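Number of protein chains: 2
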Amino acid sequence: MTNIKKVSELAGVSTATVSRTLKSPELVTEHTREKVMKAVQQAGYRPNWLATSVKTGRSNSIVVLVPNLVNPFFMRIIEGIEQGAQEKGYSVLLGDTQGKASREHEYASMVLTNRADGLIQLDHSFPFSANDAALAEKVPMVSVCERIEGERRYPFIELDNYAAGRALTHHLISYGHSRFGIIAGQRTSQIHHDRLAGIKSVLKEEGIDFADNMLVGGSYRIETGIEGIQQLFDRDVPVPPTAVFCFNDDIAVGALYELKRRGLRVPQDVSITGFDNVKVSAYMDPPLTTVDQPAYEMGRRAVDVLAQLINRQPLQRTREILPFQLLERGSTGPVKI
Amino acid sequence: MTNIKKVSELAGVSTATVSRTLKSPELVTEHTREKVMKAVQQAGYRPNWLATSVKTGRSNSIVVLVPNLVNPFFMRIIEGIEQGAQEKGYSVLLGDTQGKASREHEYASMVLTNRADGLIQLDHSFPFSANDAALAEKVPMVSVCERIEGERRYPFIELDNYAAGRALTHHLISYGHSRFGIIAGQRTSQIHHDRLAGIKSVLKEEGIDFADNMLVGGSYRIETGIEGIQQLFDRDVPVPPTAVFCFNDDIAVGALYELKRRGLRVPQDVSITGFDNVKVSAYMDPPLTTVDQPAYEMGRRAVDVLAQLINRQPLQRTREILPFQLLERGSTGPVKI
DNA sequence: CTGTTAGCGCATTCAC
DNA sequence: GTGAATGCGCTAACAG
Numbered sequence: 001m002t003n004i005k006k007v008s009e010l011a012g013v014s015t016a017t018v019s020r021t022l023k024s025p026e027l028v029t030e031h032t033r034e035k036v037m038k039a040v041q042q043a044g045y046r047p048n049w050l051a052t053s054v055k056t057g058r059s060n061s062i063v064v065l066v067p068n069l070v071n072p073f074f075m076r077i078i079e080g081i082e083q084g085a086q087e088k089g090y091s092v093l094l095g096d097t098q099g100k101a102s103r104e105h106e107y108a109s110m111v112l113t114n115r116a117d118g119l120i121q122l123d124h125s126f127p128f129s130a131n132d133a134a135l136a137e138k139v140p141m142v143s144v145c146e147r148i149e150g151e152r153r154y155p156f157i158e159l160d161n162y163a164a165g166r167a168l169t170h171h172l173i174s175y176g177h178s179r180f181g182i183i184a185g186q187r188t189s190q191i192h193h194d195r196l197a198g199i200k201s202v203l204k205e206e207g208i209d210f211a212d213n214m215l216v217g218g219s220y221r222i223e224t225g226i227e228g229i230q231q232l233f234d235r236d237v238p239v240p241p242t243a244v245f246c247f248n249d250d251i252a253v254g255a256l257y258e259l260k261r262r263g264l265r266v267p268q269d270v271s272i273t274g275f276d277n278v279k280v281s282a283y284m285d286p287p288l289t290t291v292d293q294p295a296y297e298m299g300r301r302a303v304d305v306l307a308q309l310i311n312r313q314p315l316q317r318t319r320e321i322l323p324f325q326l327l328e329r330g331s332t333g334p335v336k337i
Numbered sequence: 001m002t003n004i005k006k007v008s009e010l011a012g013v014s015t016a017t018v019s020r021t022l023k024s025p026e027l028v029t030e031h032t033r034e035k036v037m038k039a040v041q042q043a044g045y046r047p048n049w050l051a052t053s054v055k056t057g058r059s060n061s062i063v064v065l066v067p068n069l070v071n072p073f074f075m076r077i078i079e080g081i082e083q084g085a086q087e088k089g090y091s092v093l094l095g096d097t098q099g100k101a102s103r104e105h106e107y108a109s110m111v112l113t114n115r116a117d118g119l120i121q122l123d124h125s126f127p128f129s130a131n132d133a134a135l136a137e138k139v140p141m142v143s144v145c146e147r148i149e150g151e152r153r154y155p156f157i158e159l160d161n162y163a164a165g166r167a168l169t170h171h172l173i174s175y176g177h178s179r180f181g182i183i184a185g186q187r188t189s190q191i192h193h194d195r196l197a198g199i200k201s202v203l204k205e206e207g208i209d210f211a212d213n214m215l216v217g218g219s220y221r222i223e224t225g226i227e228g229i230q231q232l233f234d235r236d237v238p239v240p241p242t243a244v245f246c247f248n249d250d251i252a253v254g255a256l257y258e259l260k261r262r263g264l265r266v267p268q269d270v271s272i273t274g275f276d277n278v279k280v281s282a283y284m285d286p287p288l289t290t291v292d293q294p295a296y297e298m299g300r301r302a303v304d305v306l307a308q309l310i311n312r313q314p315l316q317r318t319r320e321i322l323p324f325q326l327l328e329r330g331s332t333g334p335v336k337i
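Top to bottom, those sequences are chains W and E.
FYI, UniProt numbering numbers position 133 of the first sequence as 133, with every residue one higher than the one before it.
FYI, UniProt numbering numbers position 163 of the second sequence as 163, with every residue one higher than the one before it.
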């Protein structure tokens, strides 16, 4: 292990001077700087990051809790987080929670043991165990694309899900639809409620009924889309929906698959909408009408906010609602007469 | 900051005893253990992980270099890495390189500064800068699903790409195909050469010609699939291919999209194959014939090997070639007469 | 501008 | 079985 002491001996200076040369070169004569740099080069010296961190009390790492790595939407957010983190000098510790509380607790505790300086939560749960809740009081934490339930003290960055729900509904109504189904993802989350409320508000305004049993689903997976269609079209309801809201693109992919399998045409027989604007959604047959979320920007913004929290800087605002974009593509069309 | 000293005072013991109680409880009387644990509880003490790490010289972290986070195949590997790492007590630092050498250098250097104990490379390049190459000599590094070019000293875990290429070719030939196109991903990588060699070996055995200009593409993206089809079907070649090998599922998605857009039916007019068995590939219309890679297991295995390297344990073998599985689905069929 | 000194928080000798 | 002392590698205060 080549350490600072060896370099200092090699350069014929003190360890402090070596440290200074590397961290604040302007505090050092050009002459010594050259001497030191030469020794650094020669010894192949790299400062031990662990030691620096103990000393400064900062790990310069952040941990990201994500329920599912294989979801391209989350990964796009994490790309943004990574980019933002890198620019600010943070490393990203990946916390794949699989949606399990125990794993959330484990990863969240990293910030309690100085392994990370802050936490970004992509899921909607409060990630600390009951045991750690007290310790977690002052932990820098931000949630992005979701909102931590029952916790008003943590900032969040999310989409205007309510407005997006309204926009999707208006879009479908403009095509003449009046019988709707919904295949939802996680039903306990705040964004679920927002989207649902957005949809229902328009239906109410338009005097359209929505029966509770037309809301199915419960997770953001392709299989949920398949099962959702089965439930919506198999039951004894005399009139199946002519349009189905899917609460993410994966669900929509499953729904599209299952509708086709049943010989139903999209959008001639049934219109469907997705959510997130995942890359493949544009290349489906037909391409999915969906809501674009600025995932990458959300990730970057989350790092900005987290960094301010870590540095105890005041936040301008604690909640950021980002605009969405409705992408009208081929999976929606006029209602069948 | 509640540190070990506070706890020791609270428990009326020395700091050494607190440390022992937490790390090796068996070295301590039950009586003192209880005393200490109570104090730990009461103080809400969590050992500072940074300090522990400086002391032991181990960060218990590994860094994973991945060229693209949005590719579900890579993410499946990383799921496996995460799981394996967690079981072995390692944390995963995410290094999204975007395929850029500068970012690779930056992330790879983490293992030079004790920020990580080892490195898993998912891409095919030697990730250290020329400057760091000497220092990197003894760095624990493993590559998975690719092979680090020109470096024989690092172990790798990968698929039998040669055999997979052969299997795909046999499959298509059994359907009567004899005019092939290939849309490749990164052409410089070892796995590219292996797959290509596999395909060509069968063609040669069967006496089938393959013109060099039927190999197109250059990156693992949907757009590459689209452009690839354009190149293969637009050129002045009198006879376009009846079957196209796509070197991953994303490319196949693009190819499928573009073929349909041109009014060509899959598989009636053109057969296509993917690679990786990404989740959505099964739900395309038609579902993609593809090669399943045991991505999750590859990730787990990579951690096993890396851990052995970190602990300077001898490796049984330095190169692991895993079996693949050919999934025959709807995107391949008999050649059109 | 540079060197000396004193820790950061913890783990590990070595005595007892 | 436990405590006192030492040091991991580095940075920050203070002198000079």
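By construction, the Cβ of each residue, glycine as well, lies at the ideal position given by its N, Cα and C atoms.
It should be emphasised that the depicted structure is a prediction, and the values quoted were computed from it without experimental measurement.
No Cβ-Cβ contact shorter than 8 Å links T273 (chain W) with S281 (chain W).
The closest CA to that of V266 (chain W), considering only W:R329, W:E158 and W:I222, is found on W:R329. A residue is called buried when at least 16 other Cβ atoms come within 10 angstroms of its Cβ; Q313 (chain E) does not meet this threshold and is exposed.
A distance below 7 Å between beta-carbons, with the five flanking residues on each side excluded, links E206 (chain E) to the following residues of its chain, in chain order: I173. Exposed is the label assigned to V239 (chain E), since fewer than 16 other Cβ atoms lie within 10 Å of its Cβ. Comparing alpha-carbon positions, the option among E:T56, E:P72, E:T113 and E:Q42 lying closest to R221 (chain E) turns out to be E:P72.
Residue contact with chain W for P72 (chain E): present (Cβ-Cβ distance below 8 Å to some residue of chain W).
Residue-level contact check: S53 (chain W) touches chain E, since one or more beta carbons of chain E fall below 8 Å from its beta carbon.
Where M141 (chain E) is concerned, the enclosing beta strand (DSSP E) starts and stops at M141 to V144. Non-local beta-carbon contacts of R301 (chain W) in its own chain, meaning distances under 7 Å to residues more than five positions away in sequence, involve I157 and E320 in chain order. Along the stretch 65-91 of chain E, the positions whose C-beta sits under 7 Å from a C-beta of chain W are L69, V70, P72, M75, R76, I78, E79, E82 and S91, read in chain order.
K23 (chain E) counts as exposed, since fewer than 16 other C-beta atoms from the protein chains shown sit within 10 angstroms of its C-beta. Pairing V202 (chain E) with A51 (chain W) gives a Cβ-Cβ distance that is not under 8 Å.
Within chain E, the residues whose beta carbon sits less than 7 Å from that of L94 (chain W) are E82, V92 and L94, listed in sequence order. Listed along chain W are G44, each with a C-beta nearer than 7 Å to that of A134 (chain E).
Per DSSP, L122 (chain E) has no beta bridge partner at all. G44, R46, P47, N48, W49, L50, A51, S53 and V54: these are the residues of the UniProt domain "HTH lacI-type" (2-56) of chain W whose beta carbon lies less than 8 Å from some beta carbon of chain E, given in chain order. When the five nearest sequence neighbours on each side are left out, the beta carbons in the same chain lying within less than 7 Å of the beta carbon of T15 (chain E) are those of I4, K5 and S8, in order along the chain. In its chain, beyond the 5 residues on either side, P334 and V335 have a beta carbon closer than 8 Å to the beta carbon of G176 (chain W). For the pair E104 (chain E) and H124 (chain E), the CB atoms are not nearer than the 8 Å cut-off. Chain order gives the chain W residues near S59 (chain E) as W49 and L50, where near means a beta carbon separation below 9 Å.
A contact between stretches requires three or more CB pairs, one per stretch, nearer than 8 Å, and the stretch 64-83 of chain W fails this requirement with the stretch 34-49 of chain W.
By the beta-carbon neighbour count (other beta carbons within 10 angstroms, threshold 16), E151 (chain E) is exposed. For I183 (chain E), the beta-bridge partners assigned by DSSP are E:V216 and E:C246. Nearest to F210 (chain W) by alpha-carbon distance, out of W:R33, W:A197 and W:S219, is W:A197.
For I229 (chain W), the enclosing alpha helix (DSSP H) stretches over residues I222 to D234.
Note on E258 (chain E): 16 or more other CB atoms within 10 angstroms of its CB, so buried under the neighbour-count rule. Interface annotation for the stretch 105-129 of chain W against chain E: E106, S109, M110, L112, T113, N114 and R115, criterion Cβ-Cβ distance under 8 Å. Interface annotation, I183 (chain E): not in contact with chain W, CB-CB separation never under 8 Å. If you look at F156 (chain W), you'll find it isn't in any alpha helix (DSSP H); it sits in the beta strand (DSSP E) that goes F156 to L159. Neighbours of G254 (chain W) across chain E, judged by C-beta separation under 7 Å: Y283. One finds nothing in chain W with a Cβ atom closer than 9 Å to the Cβ of K138 (chain E); even the nearest lies about 12 Å away. In this structure, I77 (chain W) lies near A295 (chain W), with their beta-carbon atoms less than 8 Å apart. A contact between stretches requires three or more CB pairs, one per stretch, nearer than 8 Å, and the stretch 217-232 of chain W fails this requirement with the stretch 243-250 of chain E. In the structure shown, R319 (chain W) falls within a strand segment according to DSSP collapsed to helix, strand and coil. For L65 (chain E), the enclosing beta strand (DSSP E) covers residues S61 to V66.
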